[in-house]
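Undergrad: The sequence shown begins at 292 in this note's numbering and counts up one residue at a time. Below you'll find the structure I mean.
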Amino acid sequence: GLHPRGQMTVSATTRKIADVQYLRGLAVVLVVLAHIHQSNVNYMAPGLLGEFAYFGFAGVDLFFVLSGYLIASIMLREHERTGSINVVRFLARRWLRLTPLYMFVVWLYVYVVPTLDKGPFYTSALQNGQASIDSCKNYW
């Protein structure tokens with residue numbers, strides 16, 4: 292909305308959502324740095340990330356907590372608006388939102404990874420991709 296002086300204002304809800312998105316971004320960065328540190332491929336000088344790379348687990352925890360907060364917020368808003376929560380519609384929307392990205396990643400591992408140079412990145416990517424496609428934990 293516009294402030295009486297003509298300046299744009301940001302609602303408290305919009306600011307809260309933006310703050311949560313920044314925290315989600317931080318969580319993703321922590322996880323990615325941990326994976327880079329743990330990989331067999333040294334993209335950076337060994338030890339450059341130091342002890343900071345070990346906070347990847349905290350990124351996973353933070354991401355799940357924030358996702359739970361966002362899911363609960365969406366459901367509570369729906370309940371306030373309609374008086375009920377349509378769980379099937381909620382799950383269908385999540386499925387439609389996540390499936391295209393998941394299928395793109397599967398496509399990458401099926402068609403792109405096999406074309407890569409057969410170095411350490413190839414082996415790591417192939418193993419991690421197979422574990423992801425199978426929806427199981429990888430122990431490599």
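A virtual CB, placed ideally from N, CA and C, is assigned to each residue, including glycine. Just so you know, these numbers come straight off a predicted model, no measurement behind them.
Quick check on this structure: which residue in Val-320, Tyr-402, Val-311 and Thr-406 has the alpha carbon closest to the alpha carbon of Ser-358?
TA: Val-311
Undergrad: Mapping DSSP to helix, strand and coil, what is Ile-376?
TA: coil
Undergrad: Taking buried to mean at least 16 other C-beta atoms within 10 Å of its own C-beta, is Gly-374 buried or exposed?
TA: exposed
Undergrad: DSSP three-state label for Asp-352, please.
TA: helix
Undergrad: Rounding to the nearest angstrom, what Cα-Cα distance links Ser-364 and Leu-407 in this structure?
TA: 42 Å
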